[in-house]
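Shown next, in structure tokens, is the structure this report addresses.
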Amino acid sequence: MRTILFLTTLALPLMAQDGGQLYGLYCSACHGADGKGATGGQFPPLAGSEWPLGNPDRAIKIVLHGLHQPIEVSGKTYNLEMPPQGAALPDDQISAILTYVRASWGNKASAVSVDQVKKVRAATANRKDHWTAEELLKLHPLENVKPPLANLISYYYKGSYQSMPDFSKLKAAAVEEEPSGLIDYSSYANTDGFAMVWEGELQTPAGKHEFSLDSDDGSRLFVDGAVVAEIKTIGPTGRTVKKAVDLKAGVHKIRVEYFEFSGNEGLSVGVKFAKEKRMQWLSKEKGKASGKSWPEIMLAPVDNRPAIYRNFIQGTTARGIGVGFPGQINIAYSADNLSMEMLWGGSFIDAGHHWTDRGVGYEPPAGETVFALSKQKAYAFASESATAWPAASQATTRFRGYQLSPQGNPTFLVEVAGARVFDGYESVTDPSPSLLRTLRVDGKPAQTVSLLVHSGAHEAAQPESFTVGELTVRITGGKFRYGTNVVMVDLTSPQAQLRYSW
Ligand code: HEC
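For the sequence shown, position 217 matches number 217 in this note's numbering, and the numbering has no gaps at all.
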């Protein structure tokens, strides 16, 4: 018996890596054993996704350094964070996993060699941050994505039009082929007084398909030579026109006319095929209301008082509380997990979805830079495992709501192990725009309590500061303690202050 065990352990490193087994260990928790995305599709699928196919460098980079910020996979947008795995997985295991992913669940792409992984690892050795989809698309565009419109040609006309001109009487100043297959005016964006026409071909199944058109200023959509939708006058986007059209299976001629008088521009054209739930966009712009069927109601602080939003926020738990502070600093606090789970810059949140639609589903932050901070119960005893955050913490906790200061800044109140923790937030601009978080402990907990500050990759781990990508978190009146992929603070002093800046 002993000899056999001994032989097995010896033999293992020599054996070829089993990609399927490794996938089960390192990827399936999030992407699903069937590749369809875990937790009912909250995570992006690898089955049928274009991202792991084609040039393997794209997927190797994602596995090595992780991925964050919005990504569109098979027509659906996700805005989550995939942790980097480069440190945990050697080259041969990454090669085996990706070879498996590229040949499973109907995916068909070539094997990924160990050498290829080695090359990419060496070339990206200095990289610190996660990748973004936008960055990767510039380096490695998706190969197999069929352009939405075939044989697309654009015509550009210079002139000050307040209604749709008669194009038969005009001469185009520029005619271009558009291999992207997307209706896109962006080369003329921010110039006033022009009109454009696009002509291309759309392959459709048989059925009643719903076309959608929105523009700033006017636009007109033709299918097979007939006007289907029209926005005649000058005005902003948000005047979406939808029209169902019965079409035979096959190729149909699409023509879009557009004029821009002055001010903002905007043009979105989409089609929702019969039996499909999703809009397929034929334009680069997905419309201000990207697939949304509700008007945008952008929330923002009023009179320098933070705006509070209590509804489903994508990236945090069901009982998420969003706070938009002055200075374009926003957070989502989870009343389930008792901590700030997300921090983002820029716009706060579009409430249109939930307010007008009694909407189902989660609304993502409206801002650009989103930092995912933690996604687990935030309190545990300091005596519990220090290497990884305790999954089943022994500390009893209770959310006691929040108070607002006279300026409108929230302090969340948590009862933990017999003490009370006041977790307060405010934005400051001096010396640079930052979020200040003040942790005050009232009473004495049964044992020393630790608070999870961040779970996931981080760098520059110092007692007084760490970074997550471009975000720097500093503490005064306490020290950070680090475990495997977690940052915590032991609540030993009556007050500690954290400063988040980027
Ligand atoms: C902790 C969860 C998690 C694990 C583990 C994980 N991923 Fe991901 N993965 C994600 C998330 C979340 C995204 C999307 C990130 C975003 O929104 O920017 C993603 C995106 C991707 C993408 C691009 C989008 C797509 O769906 O095609 C690929 C490819 C990918 N992951 C491969 C892998 C592979 C291979 C593994 C295992 C080595 C793995 N991931 C492990 C969460 C995870």
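Virtual Cβ for every residue (Gly too), placed ideally from N, Cα, C. Predicted model only: the values in this text are computed from it and were never measured.
- Within 7 Å of the C-beta of serine 49 there is at least one heavy atom belonging to the ligand HEC.
- Counting C-beta pairs closer than 8 Å gives fewer than three between the region 235-248 and the region 32-49, which falls short of the contact rule.
- If you check the CB distance, glycine 48 and serine 74 come in under 8 Å.
- In the pairwise beta carbon analysis, the region 272-287 is classified as not touching the region 325-342: fewer than three pairs are separated by under 8 Å.
- Around the beta carbon of valine 228, a 10 Å sphere encloses 16 or more other beta carbons of the protein chains shown; the residue is thus reported as buried.
- The alpha-carbon separation between tryptophan 389 and valine 449 amounts to approximately 13 Å.
- For serine 385, the CB contacts under 8 Å within the same chain, skipping 5 residues up- and downstream, are Gly483 in chain order.
- For the 8 Å CB-CB criterion, glutamate 81 and alanine 372 form a contact.
- Our two residues, phenylalanine 259 and aspartate 57, have alpha carbons roughly 41 Å apart in a direct line.
- Excluding the 5 residues flanking it on each side, glutamate 134 has no same chain C-beta neighbour closer than 6 Å.
- Listed in chain order, the alpha helix (DSSP H) elements of length 4 or more contained wholly in the region 114-159 are 114-123 and 133-139.
- Distances from the CA of lysine 158 to each of Ala446, Thr191 and Ile231 were compared; the closest alpha carbon is that of Thr191.
- For alanine 382, DSSP assigns no beta-bridge partner whatsoever.
- Check the Cα spacing between leucine 435 and each of Arg400, Ile329 and Val271: the tightest is with Ile329.
- If you compare the alpha carbons of Tyr425, Lys377 and Gly266 with that of glycine 322, the shortest gap goes to Tyr425.
- Glycine 322: not part of any alpha helix (DSSP H); member of the beta strand (DSSP E) spanning 320-325, first to last residue.
- Rounded to whole angstroms, the Cβ separation of serine 465 and asparagine 485 is 17 Å, and the two are not in contact under 8 Å.
- Between glycine 367 and serine 347 a beta carbon distance of about 5 Å is seen, short of the 8 Å cut, so the two are scored as contacting.
- In the structure shown, the three-state DSSP call for isoleucine 71 is strand.
- With contacts defined as CB atoms closer than 8 Å, alanine 332 and threonine 316 qualify as a contacting pair.
- Exclusion of the five residues before and after cysteine 27 leaves Ile97 as the residues of its chain whose Cβ lies within less than 7 Å of its Cβ.
- Between the C-alpha atoms of isoleucine 297 and aspartate 217 there is a straight-line separation of about 21 Å.
- With respect to isoleucine 349, proline 326 sits apart: the two C-beta atoms are not nearer than 8 Å.
- Comparing alpha carbon positions, the residue from Gly238, Leu413 and Gly20 closest to alanine 103 is Gly20.
- With respect to the 8 Å criterion, serine 212 and valine 256 are not classified as neighbours on the basis of their beta carbons.
- Between leucine 471 and tyrosine 161, the alpha-carbon positions lie close to 46 Å from each other.
- Comparing alpha carbon positions, the residue from Pro410, Glu415 and Gln407 closest to arginine 400 is Glu415.
- The nearest non-hydrogen atom of the ligand HEC is 7 Å or more from the C-beta of glutamate 363.
- Leaving aside the five residues that flank histidine 458 on each side, the residues in its chain whose CB is nearer than 7 Å to its CB run, in chain order, Phe466, Thr467, Val468 and Val487.
- Going by beta carbons, tryptophan 131 and isoleucine 60 fall outside the 8 Å limit.
- Glutamate 285 is bridged by DSSP to nothing; it lacks a bridge partner.
- Within the same chain, His31, Gly35, Pro52 and Val101 come within 6 Å of leucine 46 by CB-CB distance, once the 5 residues on both sides are set aside.
- Exclusion of proline 90 from the 7 Å shell around the ligand HEC follows from its C-beta lying no nearer than that to any non-hydrogen atom of the ligand.
- Across the set Ser215, Ser163, Val269 and Glu363, the C-alpha of Glu363 shows the shortest separation from the C-alpha of glutamine 314.
- Taking the Cβ atoms as the reference, arginine 305 lies roughly 4 Å from glycine 408, within the contact range of under 8 Å.
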